[in-house]
Amino acid sequence: MNNPLFHHWSEIKYLKDLVSNPLIEVGEYSYYSGYYGNQNFENGCVRYLWGDIESRKLFNPIKQFGWKLDKLMIGNYVCIASGAVILMGGNHNHHPEWITVYPFAEQIEQSYEPKGDTVIQSDAWIGMNAMIMPGVTIGEGAIVAAGSVVSKDVPPYTIVGGNPAKEIRKRFRESEIDMLLEMRWFDWDRSWVEKAIPLLSSSSIERLYAFYKQEVVGG
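Below is the structure:
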């Protein structure tokens with residue numbers, strides 16, 4: 508059975524309209540395409556993150572244990588496909604260096620170790636059934652191929668794939684990436700983005716840069 512939130516595979520949901528967990532920060536126009544998933548974004552794509560309605564009823568690790576909980580931070584214009592999994596901080600109580608990896612309740616307070624915030628920067632694309640491990644940063648404009656397991660940071664405008672995910676190639680030349688990192692089009696006012704859509708939907712970074720210098724910087 509497909510996700511009842513979605514009526515067709517082409518339908519998307521903006522994360523701003525889905526997210527209520529205080530540990531998830533979401534930018535503008537980022538979306539989840541969850542038709543082929545069986546759970547919603549917060550309880551299916553994002554996993555083991557305290558702060559949803561039910562976990563807040565059960566316990567409060569911040570007040571009870573003094574834990575500093577990891578956050579999920581998602582930029583603007585991020586695309587997340589069905590089946591993607593973002594693993595978060597609720598599962599850091601298994602210690603491979605201890606004799607047992609079993610999380611005895613009596614040791615939970617002492618055993619928790621934060622992994623750091625998970626960050627998916629603007630204009631990144633997370634492919635279907637990809638898995639993002641805790642504490643990873645996905646750089647601006649990066650692409651994570653379908654089915655990949657990402658355990659290390661991904662540089663901006665880089666395509667990675669596999670398990671563990673490895674760099675396949677850069678999307679653009681280094682000089683072009685430098686221009687994109689300078690422009691940060693995804694942080695522009697929406698009116699500028701709409702004017703630049705034909706350029707954003709092309710391969711001409713030089714023309715977009717000229718638009719940026721004339722209209723955004725000089726306008």
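Residue numbers (our numbering): 508 to 726.
Ideal placement from N, C-alpha and C gives every residue a C-beta, glycine not left out.
It should be emphasised that the depicted structure is a prediction, and the values quoted were computed from it without experimental measurement.
- At the C-beta level, residue 678 and residue 665 come within 8 Å of one another.
- Using a Cβ-Cβ distance cut-off of 8 Å, the stretch 582-595 and the stretch 610-628 are in contact, since at least three pairs of beta carbons, one from each stretch, lie closer than that value.
- Per the coordinates, the alpha-carbon of residue 631 lies some 38 Å from the alpha-carbon of residue 607.
- The stretch 570-579 and the stretch 536-545 do not touch, with fewer than 3 CB-CB distances between them shorter than 8 Å.
- For residue 720, there is no enclosing beta strand (DSSP E), as DSSP gives it neither H nor E.
- With respect to the 8 Å criterion, residue 556 and residue 590 are not classified as neighbours on the basis of their beta carbons.
- As the crow flies, the alpha-carbon of residue 724 is around 32 Å from that of residue 520.
- About 6 Å separates the Cβ atoms of residue 636 and residue 653, confirming a contact at the 8 Å cut-off.
- Apart from the 5 residues on each side of it in sequence, residue 516 sits with its Cβ closer than 7 Å to the Cβ of 542 and 543 in its chain, given in chain order.
- The DSSP assignment places complete beta strand (DSSP E) segments of no fewer than 3 residues inside the stretch 655-707 at 665-668 and 673-677, in order along the chain.
- Its Cα nearest to that of residue 661, the residue 644 stands out among 668, 655, 685 and 644.
- Residue range 531-533 is occupied by the beta strand (DSSP E) that includes residue 532.
- Apart from the 5 residues on each side of it in sequence, residue 616 sits with its Cβ closer than 7 Å to the Cβ of 572 in its chain, given in chain order.
- In this structure, residue 554 places its C-beta atom within 8 Å of the C-beta atom of residue 594.
- Inter-residue distance for residue 536 and residue 700 is about 12 Å (C-alpha atoms, whole angstroms).
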